[in-house]
Each structure stands twice: as C-alpha cells, then as structure tokens.
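Data first, discussion second: the structure below is written as structure tokens.
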Amino acid sequence: MRLRGPIVRIFMALLFAFLSPIYAVGCSAVRDIENDRAKASASASLHHTVPKGVPVCELMVSEDLEVLAGYEIEKFFYDHSPAIDGSDTFPTFYCTVNFRAEAVSRVASVNYRGGSVRMVNGVENLDDARKAEGAKDVNIEGVEGEGVIYSYSEGKEVILVWKYPDGHYLWIVTTDYVIDGAEEPEPKDRVDFTEKLLTRIVSEVPKVAAGPEQEIVYYPPQPLETATPLTPWPSEPSSSQTR
138 MRLRGPIVRI FMALLFAFLS PIYAVGCSAV RDIENDRAKA SASASLHHTV PKGVPVCELM
198 VSEDLEVLAG YEIEKFFYDH SPAIDGSDTF PTFYCTVNFR AEAVSRVASV NYRGGSVRMV
258 NGVENLDDAR KAEGAKDVNI EGVEGEGVIY SYSEGKEVIL VWKYPDGHYL WIVTTDYVID
318 GAEEPEPKDR VDFTEKLLTR IVSEVPKVAA GPEQEIVYYP PQPLETATPL TPWPSEPSSS
378 QTR
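Numbering (our numbering), first residue to last: 138 to 380.
Structure follows, in structure tokens:
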C-alpha cells in the first residue's frame, strides 16, 4: 500500500534522530545538542566512513560529492516516492548528508516536492524566500526555473529555494556546527557550496524522484534497517571505518 512508505519513513526518521548525531536543521535546541555531541568526538581522528564509489542518494558517487564539498562524508540517508494520480505533491525526494572536517560538521539537506516549501522559518514559496533578509536570486544557465538563496539563524544556515516550471520545489539547507573555540567557516563558503550543489543536482533530483519508490535507507546501515537501496552499495564499511 502507498501508506507503508510514509509510515516507515516517519518511524525510521525518528529512530535516526535518536541514534545519529544530526538529523534536522533549523532548530536552536537541536543545534545545542549537536554541538555537545561534536565536542565529545573532537579528539577522534579523521577517517572515511563512506568509501569511494558509494552512490550518495542516487545523485553522485561519494568521492565526487566530497570534492564538491571539500569535506569528508560521514553518513547519509534518503528516500523518494514517485507520482501519485491526483496529487500535486508527489513525486518527492529527501536526502540528508553529514560531512565532517577536523572541527566542523556540515549538514546538507535536500528536499523536493510539489505545492509548497516546508521551512521552519515560515517560507512556503519563492515569494516568501525573496522577502528574507539578504535574499538574492539564483539562475542556472541552460536550466529552466528560478531560485532564491539567503542566510538564516544568524548566518549559520544557508537556504536555497528553487522552483521548477511544473510547480515543484527543490530546497537545500546547509548548516555548519563547530567545536567551541574552532574557527567557523565563512558564510560565503556555505553559500558557494549550496549553489554548486544545486547546479550539480537540479536536473537529477526529478529523475530520481520519478523512479521506483525508495523507502528510507541509511549509509552506513542503521540498526533495525527495514529497506534496501535500489542502487546497491558497492561495499559495506569495515569496522575500521566506523566509530
């Protein structure tokens, strides 16, 4: 049944929020918790959790995304659902990737759906995004659509909202968490990364979302994993690659 995917997605998302360091962005309470967790792991040596060749959210292989981000990939999870007759919301796509450097944890969340944007700061459409302080238009040569990018939460988050000609929205939220005393990345770095990411995935996300349904799946795999990836992982992380 079609309801199975959303129900499992909600359950597993709640589980992931409990088990993994960072699940959502845009909430100051969550940010405080994640900063505390980041402090606890500050002394850990840097290593790859996600090996080369892993298709991250079916969008690009891990090494290409790391080059684009300038950070190592720690983990990711995603799901997508195809079109449903009579629904303007579907197809949908959701992906969150956790990156890390020595004292910085970066989270990039990618959302795609029809109808409206679902943002914690009240933004529901492109016009709302344009009203945000410091908002600027984003255009991609050769790609139909229009976008707006702006900073939120005292500049610690960058939000990019893109509207396709068919009314579907894609929005990316990039957030950095730093260890106390560490130098925070420049806001421009978050903006540049977010714009580059959009350029790479803006044409791919609708294609992936239109394919067969993918229930929520994680890499590295999580306890009580209930779904398998449509695009098989080329390898599993070894014990030396996980914390």
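Just so you know, even glycine gets a beta-carbon here, dropped at the ideal spot from N, CA and C.
Sub-8 Å separation of residue i and residue j beta-carbons
i	j	result
K268	E283	no
R232	V254	Looking at the sequence shown, residue 232 is not Arg but Cys. Not in contact: C232 and V254 (Cβ atoms no closer than 8 Å).
V241	F213	no
T226	Y249	no
P192	T311	no
A346	V298	no
Y215	V354	yes
N258	Y306	no
P349	P219	yes
M256	I309	no
H217	Q359	no
Residues of its chain near residue i, where Cβ-Cβ distance is below 6 Å and the 5 sequence neighbours each way are ignored
i	result
K333	L205
G190	V198 and P371
F148	Here F148 scores only 46 on pLDDT, less than 50, and its place in the model should not be relied on; the value that follows carries that caveat. The answer is none, since no qualifying residue turns up.
E195	V345 and T368
A319	A240
I221	F227
E291	none
Alpha-carbon spacing of residue i relative to residue j, whole angstroms
i	j	result
V198	E321	27 Å
P188	D201	12 Å
S180	V244	Here S180 scores only 31 on pLDDT, less than 50, and its place in the model should not be relied on; the value that follows carries that caveat. Taking the straight line joining both Cα atoms gives about 20 Å.
V342	P366	16 Å
V260	Y356	30 Å
V162	G304	Any reading at V162 is ruled out, since the residue's pLDDT is 40, under 50, leaving its predicted position unreliable.
V275	I286	7 Å
K325	A364	37 Å
Y314	T186	19 Å
P371	I210	16 Å
E323	K293	9 Å
D317	T331	24 Å
D264	G251	15 Å
Residue i Cβ short of 7 Å to the ligand NAP heavy atom set
i	result
D326	Absence of the ligand NAP is noted for the structure shown, with no ligands found whatsoever.
Spatial neighbours of residue i in its chain, beta-carbon cut-off 7 Å, leaving aside the 5 residues before and after
i	result
V280	V339 and S340
Y208	F236, R237, A238 and R243
N262	S253 and V254
R337	M197 and L205
G223	none
E203	E209 and I210
Test: residue i CB closer than 8 Å to a CB of chain C
i	result
E200	Here chain C cannot be found, since the structure has a single protein chain.
N-terminal and C-terminal residue of the beta strand (DSSP E) that residue i is part of
i	result
T312	H305 to V315
T229	T229 to R237
Q359	Per DSSP, Q359 belongs to no beta strand (DSSP E) and is neither H nor E.
A272	Note, A272: premise wrong, no beta strand (DSSP E); not H, not E.
E211	E209 to S218
R250	V241 to G251
Residue i - containing alpha helix (DSSP H), residue span
i	result
D326	P324 to I338
A266	L263 to R267
S290	Premise fails: S290 is in no alpha helix (DSSP H) and is neither H nor E.
K344	E341 to A347
V204	S199 to A206
Neighbourhood of residue i by C-beta, 8 Å cutoff - its chain only, sequence neighbours within 5 removed
i	result
Q271	Looking at the sequence shown, residue 271 is not Gln but Gly. Result list for G271: Y287 and S288, in chain order.
L335	V275, I277, G284, L297, W299, L307 and I309
K273	V285, I286 and Y287
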